[in-house]
Amino acid sequence: MSIYREHRQRFLATLSELGAAALIPTNTAKTRSNDTEYRFRPGSDFWYLTGFAEPESWLLLLPGAEGGRSILFLRERDELREIWDGRRLGVEAAPATLGVDEAHDVEDLWSLLPELLAGQDTLMWATGAEPEDDRAVHELLGLLRTRARGGVRAPGRILHPGPYLHEQRLLKSEGELEVMRRAAAITDEAHRALMATAAPGVNECELDALLDYTFRRRGGTGAAYNNIVAGGANACILHYVENDQPLEDGALCLVDAGTELEHYASDVTRTFPVSGTFTDAQRRVYEVVLAAQEASIAQCRPGVPFDAVHEASLDVLVDGMIELGLCSGTRAEVIESGAYRQWFMHRTSHWLGIDVHDCGAYDDATGSRPLEPGMVLTVEPGLYIGAEAADAPAELRGIGIRIEDDILITADGHENLTAAVPKSIAEVEAACQA
Ligand SMILES: [Mn+2]
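Mind the numbering: the sequence shown is residues 127 to 560 in the numbering used here, read in order.
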């Protein structure tokens, strides 16, 4: 059984328990400019439940005693449109190909939905995502209510999928992890290629293009988010995406990039010396960030609160800031005052999955939620010392370093999905000279 069918059956079991129907559209096409569009990317909830990537598709799930029913709405085959816009699966082939119970032409969505939703008490619908779809769903519910005198019962409750579908997505299945491991392997190859290619005078854009080339050549759907290729002090701009400057001899290069494979993300950051060898100052900062990252990864096991992963990095980074002359006082004073934020201004982790910043709550009733087997999170501490940072020792100015891996929580600890990407100073220097 495909992983998507398995996801759908599990979610249908939840819906059947709740007595709720769920309506899940894919993404809408987004205009890039005038009459051209961005390459289509399916909606994450929709992809998770179908593995189907065509635009203009909707999934309706109905609860039921025998595991419920899945109904897909998709574009009908059309000889002329397919000549212009590409192949379509079509209504007839959809049930056998995707394992859904029924399929209909998406043109009939709004005329069939009233009948299909009549008698349902609860509709799971992600309000607030697409205003036009929101309006259509509310009009549909209004229409059903006008039929009350005819004995039609309209759903009286709308539930957001967050606590249900997004919690299911947070705990990865074996099938999903297999995809994420393959994505990690492609991302490893891409980072190695960059370390081997970078040299003084090579432009950031060449490395950016090499990332995309490696991702796509190996079967990825592209970058999971905009590549960051930041030479020297550009690394101190957290979301630097211009990627258009020549790399300078003696500088570092920070690369935050991961492939998307079958619409699952990987998310890796490495920082390496353009010339192939760290300077003494770069090495001292790198060792602090690496020790912080290792301390955080060591916290990754079931039962540990999500925030403890961040706090482990923060402790090591703050000690390092004091040692490097970036902050003064004790660790407790620097954390209390927030003075560390000048050099480390972001959090350490986020969930990872179909979305690079994946769904799932970070807190529960107890506060920061405990980690559980099947969760995947990034661990990405950094230190950013701007070129103009007057209160930093001169030799540290212009150094920005982040190190990021993708960590799966397992029953007895964790698995670093991206462990193969060179990370120690010796490994990074060897990869640069490869
Ligand atoms: Mn990240």
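We treat Cβ as the ideally placed atom computed from N, Cα and C, and that holds for glycine.
For residue i, list the residues DSSP reports as bridge partners.
| i | result |
| --- | --- |
| D231 | L200 |
| I461 | According to DSSP, I461 bridges with nothing at all. |
| S494 | D489 |
| C379 | G357 and F398 |
| N329 | P372 |
| L116 | Missing from the structure shown is residue 116; the chain here goes from 127 to 560 and no further. |
What does a CB cutoff of less than 8 Å around residue i pick up in its chain, not counting 5 residues either side in sequence?
| i | result |
| --- | --- |
| L249 | A146, A147, A148, L149, L243, V263, L267, P281, R283, I284 and L285 |
| V305 | I129, L387, E388 and Y390 |
| A349 | L337, D338, F341, A383, G384, T385 and E386 |
| V367 | N352, N353 and I354 |
| E228 | R195, S196, I197, L198 and P221 |
| I312 | T340, F341, R344, G345, G346, T385, L387 and S392 |
| E302 | I129, Y390 and G479 |
Considering only residues of the same chain and omitting the five flanking positions on each side of residue i, which have a CB-CB separation below 6 Å?
| i | result |
| --- | --- |
| R158 | Y164 |
| R473 | H436 |
| Q246 | A147 and P281 |
DSSP three-state call for residue i: helix, strand or coil?
| i | result |
| --- | --- |
| T504 | strand |
| D489 | strand |
| F137 | helix |
| F404 | coil |
| T536 | strand |
| F398 | strand |
| P151 | strand |
| N360 | helix |
| E192 | coil |
| L249 | strand |
| G288 | helix |
| G446 | helix |
| W210 | helix |
| I529 | coil |
| I511 | strand |
Consider the C-beta atom of residue i and the heavy atoms of ligand 1; say whether any pair is separated by less than 8 Å.
| i | result |
| --- | --- |
| T157 | no |
| H286 | no |
| D161 | no |
| H317 | no |
| T397 | no |
| T154 | no |
| E506 | yes |
| E530 | yes |
| D314 | no |
| D227 | no |
| H476 | yes |
| D393 | yes |
| D382 | yes |
| V482 | yes |
Using a Cβ-Cβ cut-off of 7 Å (strictly less than) and excluding sequence neighbours within five positions of residue i, which residues of its own chain qualify?
| i | result |
| --- | --- |
| T403 | E555 |
Just checking, does the segment 530 to 546 make contact with the segment 436 to 455 on the three C-beta pairs under 8 Å criterion? no
Three or more beta-carbon pairs under 8 Å between the segment 129 to 138 and the segment 184 to 196, yes or no? yes
Pairs of beta-carbons, one from the segment 337 to 351 and one from the segment 287 to 303, closer than 8 Å: are there three or more? no
Kindly confirm or deny that the segment 483 to 495 and the segment 323 to 333 touch, where touching means at least three C-beta pairs closer than 8 Å. no
Would you call the segment 453 to 464 in contact with the segment 521 to 536, where contact means no fewer than 3 C-beta pairs closer than 8 Å? no
Between the segment 529 to 537 and the segment 493 to 500, do three or more beta carbon pairs fall short of 8 Å? yes
If we count Cβ pairs, one from each stretch, closer than 8 Å, do we get three or more for the segment 393 to 412 versus the segment 364 to 381? yes
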